[in-house]
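Data block below; observations after.
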Amino acid sequence: MQARDISVLLSVILIVAMLIIPLPSWLLSVLIIINISLALLVLLISMNMREALEFSVFPSLLLLLTLFRLGLNVSTTRSILSKGEAGGVVETFGTFVVGGNIIVGMVVFLILIIIQFVVITKGSERVSEVAARFTLDAMPGKQMSIDADLNAGMISEQEARERREKVSRESDFYGAMDGATKFVKGDAIAGIIIVIINLIFGIVIGAVQQDLPLAEAASRYSLLTVGDGIVSQVPALLISTATGIVVTRAASTGNLGEDIMSQLLAYPIMLYVAAGTIFLLGVATPINDILTIPIAGVLAFGAFMLQRAPKEEIEDPLEVEEAMETEELKSPESVVNLLNIDPIEFEFGYGLIPLADANQGGDLLDRIVMIRRQLAMELGLVIPVVRIRDNIQLQPNEYRIKVKGSEMASGELLLDHYLAMSPGEEDDMVEGIDTVEPSFGLAAKWITEEMKEQAEILGYTVVDPPSVVSTHLTEVIKMNAHELLGRQETQQLIDHLKETYPILVEEVTPNPLSVGEVQKVLSKLLKENISIRNLPIIFETLADFGKMSSDTDLLTEYVRQALARQITNQYAEGGESLKVITLSGQIEKLVADSVQQTEHGNYLSLDPGDSQNILEALAGQVEQVSFMQQTPIILCSPAIRMYVRQLSERYFPQLPILSYNELEPSIEVQSVGVVNIH
1361 MQARDISVLL SVILIVAMLI IPLPSWLLSV LIIINISLAL LVLLISMNMR EALEFSVFPS
1421 LLLLLTLFRL GLNVSTTRSI LSKGEAGGVV ETFGTFVVGG NIIVGMVVFL ILIIIQFVVI
1481 TKGSERVSEV AARFTLDAMP GKQMSIDADL NAGMISEQEA RERREKVSRE SDFYGAMDGA
1541 TKFVKGDAIA GIIIVIINLI FGIVIGAVQQ DLPLAEAASR YSLLTVGDGI VSQVPALLIS
1601 TATGIVVTRA ASTGNLGEDI MSQLLAYPIM LYVAAGTIFL LGVATPINDI LTIPIAGVLA
1661 FGAFMLQRAP KEEIEDPLEV EEAMETEELK SPESVVNLLN IDPIEFEFGY GLIPLADANQ
1721 GGDLLDRIVM IRRQLAMELG LVIPVVRIRD NIQLQPNEYR IKVKGSEMAS GELLLDHYLA
1781 MSPGEEDDMV EGIDTVEPSF GLAAKWITEE MKEQAEILGY TVVDPPSVVS THLTEVIKMN
1841 AHELLGRQET QQLIDHLKET YPILVEEVTP NPLSVGEVQK VLSKLLKENI SIRNLPIIFE
1901 TLADFGKMSS DTDLLTEYVR QALARQITNQ YAEGGESLKV ITLSGQIEKL VADSVQQTEH
1961 GNYLSLDPGD SQNILEALAG QVEQVSFMQQ TPIILCSPAI RMYVRQLSER YFPQLPILSY
2021 NELEPSIEVQ SVGVVNIH
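With our numbering applied, the sequence shown corresponds to residues 1361 to 2038, in that order.
Structure below.
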């Protein structure tokens, strides 16, 4: 521990000791001066800070200072009642400050109590309660605003984390201040009670135990009591004022002195009005002109000097922004900045601006936050920030989704309509604008709100435009998740895994596999819609087989087999059976015989005619199973699975190709079709 930490601990111990151990008069005087100094220091700091969190320790400090002041009250009370003295500082305040007049001293003390208890303390307590309540109520909105700025690309992940932490700290601070002000209020009440005790029991002790005349005892103990009361109430008043300043700091960019001077003197002409009023007050009333005319002159002179001060030119913000952009274009770095490509972009025409504008009820930004969370859970991949911008080159109701700068999908929305998808047979009673659902290519209609209820009764699936966009964006990201996983993103996943599985990560990377090779394996899994969230199992498999081979295609097959339970649950959807399309023995042998082995890896070298025949037979079986409203799944032997995938992925990119080793032994496999060629 450092010396300053030890000094704070010793100070707290001293406060506790003051409540128990009698202190000499000279030490009491020293501690009273220290108390006043600390109170003054706290007041000056509260006036100089720019925001409340700059003095975040204030609630705890307020408690300690209140305890310190109460400890002093106990010690001075003990000294007054037992010895008839409380040190030079108390006696000085009792004689010099109030002029030795007990009545005047009592009046001054009561005024201090009224100012602190009725005005400052009461106001600070109320402001603290309101500030705590509004801060807590505003917290969800602030968090959503941070998420929206993050999704819009206006801030980075680090900045978002810092802003969330600041919001949380503000909430904690104002909640603590709400409780801390109760100590200030209690301290004021305790001050009144202590003064009454000192006065009554002091007179009794002086008259009974010390055999002093009643008048002398009253004079002696009243003087000490008033001095002690004022000595304790002066720092208490300073602390109460500091509390009020801290909890009322809002909508400000400077400290209290800067704000007062800049805002109070912002209108020089008002100083002329004040100067004229004071001057007329001296002329039209019996008030001495010698008092009013100089003050009016000072105000008028101040207004004159403020008006003569050079005014900064008020520039149009748009002009300033254009000038900054022009300067940036002139700089050599501007060309480099133009090379940046956003991982995911969502562009829309001006007619769809209400989707993203929270002021118009748009919740697209909030939906994107939920999409990123959902995909992180489903795919195990941290989706990059989605850049949202309007594009005047698009049609008003058109939108476009880009991945790595390339357009991946587009669509059109009618914001004042609903998208109704037919359950299978269209009903003429549902009138609307024919269209195609953008995510899955289903036939649909844009219907009005009046037609919505009838369409739902007839079995149509009805969704609002924001849901259409959200679903489309989700599916596009899923289909292109493998492109969003680069080496940098892979390294982030590895670093996250290393926090809990350090030895496992060390066995895989950088030896025997590089980050790039791990990235290729993960990317191949994502390309076939296999979640990489279970990284421990993936890395366990890579640790086992990475030393045997660095072929990422082969390693991916081993990983898929290790993820057999996950893959089975994904395609069986919790059922006890899995309906699949199998390959005939002829096709399996043909594919296996066409695999060429080279020193750079294996590849499929199939005759073009045979490839065409296999694909046509595969397309026929897929169409037949789809017509039965079942999801087509191809099942083949482990040795040729990746080659069948290579053959079919260009024509059937979303068609699952599974091997027998990727299924749990407990699952029942039912063949609903066989791919065969003649």
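Glycine included, each C-beta is placed from N, C-alpha and C at the ideal position.
query: Do the region 1516 to 1523 and the region 1552 to 1562 make contact, defined as three or more Cβ pairs closer than 8 angstroms?; result: no
query: Sorted by chain position, which residues of the same chain lie with C-beta nearer than 7 angstroms to Lys1858's C-beta, five sequence neighbours on each side aside?; result: Val1865
query: What's the gap between the Cα of Ile1396 and the Cα of Pro1595?; result: 5 angstroms
query: What's the C-alpha gap between Ser1954 and Glu1758?; result: 47 angstroms
query: Can you tell me which residues form a DSSP beta bridge with Phe1708?; result: Asp1750, Tyr1759
query: How would you label Asn1433, buried or exposed, when you count the other beta carbons within 10 angstroms and need 16 or more for buried?; result: buried
query: Can you name, in chain order, every residue of its own chain whose Cβ lies under 8 angstroms from the Cβ of Ser2008, other than the five neighbours on each side?; result: Leu1975, Leu1978, Ile1994, Leu2015, Ile2017
query: Between Glu1707 and Asp1776, what straight-line distance do the alpha-carbon atoms span, to the nearest angstrom?; result: 20 angstroms
query: Figure out for me which residue from Gly1709, Ala1769, Gln1734 has the closest Cα to the Cα of Gln1753.; result: Gly1709
query: In its own chain, which residues sit with a C-beta less than 6 angstroms from the C-beta of Val1836, not counting the 5 before and 5 after it?; result: Ile1761, Met1768, Ala1769
query: Would you mind reading off the limits of the alpha helix (DSSP H) that contains Val1875?; result: 1875 to 1887
query: What does DSSP give as the partner residues of Thr1821 in its beta bridges?; result: Met1781
query: Just verifying my parser: in three-state terms, what is the DSSP assignment at Tyr1963?; result: strand
query: Might you give, ordered along the chain, the residues of its own chain that have their beta carbon closer than 7 angstroms to the beta carbon of Val1746, omitting 5 neighbours on each side?; result: Asn1511, Ile1704, Phe1706, Ile1728
query: Determine the burial state of Asp1717: buried for a count of at least 16 other Cβ atoms within 10 Å of its Cβ, exposed for fewer.; result: exposed
query: From what residue to what residue does the alpha helix (DSSP H) around Lys1949 run?; result: 1945 to 1953
query: Looking at C-beta atoms only, is the number of pairs between the region 1784 to 1794 and the region 1735 to 1743 that lie closer than 8 angstroms three or more?; result: no
query: By Cβ distance below 6 angstroms, which residues in the same chain neighbour Gly1792 in space, the five residues on each side in sequence not counted?; result: Lys1805, Trp1806, Ile1807
query: Measure how close the beta-carbons of Val1881 and Val1868 come, nearest whole angstrom, since I'm counting them as under 8 angstroms.; result: Rounded, the Cβ-Cβ distance is 10 angstroms, inconsistent with contact.
query: Nearest CA to the CA of Gln1814: which residue from Tyr1778, His1832, Arg1847, Ser1827?; result: Tyr1778
query: Could you check the C-alpha separation between Leu1625 and Pro1654 for me, to the nearest Å?; result: 19 angstroms
query: Assuming the contact rule is C-beta atoms closer than 8 angstroms, Ile1392 and Val1591 should be a hit. Round their C-beta distance to whole Å, please.; result: 6 angstroms
query: What residues in its chain sit with their C-beta under 6 angstroms from that of Ala1399, if we drop five residues either side in the sequence?; result: Pro1595, Leu1598, Ile1599
query: Is Ser2019 buried or exposed, if buried means 16 or more other CB atoms sit within 10 Å of its CB?; result: buried
query: Rounded to a whole number of angstroms, what is the C-alpha to C-alpha distance between Ile1381 and Phe1561?; result: 20 angstroms
query: For a minimum of 3 consecutive residues, which ranges assigned as the beta strand (DSSP E) are wholly contained in the region 1985 to 2010?; result: 1994 to 1996
query: Is it the case that the Cβ atoms of Ile1894 and Leu1853 are separated by a distance below 8 angstroms?; result: In the sequence as displayed, the identity of residue 1894 is Asn instead of Ile. Their beta carbons are not under 8 angstroms apart, which means Asn1894 does not touch Leu1853 by this criterion.
query: Rank Phe1428, Leu1404, Ile1605 by C-alpha distance to the C-alpha of Val1368 and give the top, closest one.; result: Phe1428
query: Between Leu1725 and Val1829, is the Cβ-Cβ spacing less than 8 angstroms?; result: no
query: Going by C-alpha distance, which of Ser1782, Ser1416, Thr1958 is nearest Gly1526?; result: The identity of residue 1526 in the sequence shown is Lys, whereas the question assumes Gly. Of Ser1782, Ser1416, Thr1958, the residue nearest in Cα terms is Ser1416.
query: Using three-state DSSP, classify Met1768 as helix, strand or coil.; result: strand
query: Beta-carbon of Ile1552 versus every beta-carbon of chain B: anything under 8 angstroms?; result: In the structure shown, chain B cannot be found, because there is only a single protein chain.
query: From what residue to what residue does the beta strand (DSSP E) around Ala1644 run?; result: Unbroken run through Ala1644 is the alpha helix (DSSP H), 1628 to 1644; no beta strand (DSSP E).
query: If you check the beta carbons only, do Phe1639 and Ala1663 fall under 8 angstroms apart?; result: no
query: Who are the near neighbours of Gly1722 in its chain, counting only those whose CB is closer than 7 angstroms to its CB and skipping five residues on each side?; result: Pro1714, Leu1715, Ala1716
query: Beta strand (DSSP E) containing Val2035: first to last residue?; result: 2028 to 2035
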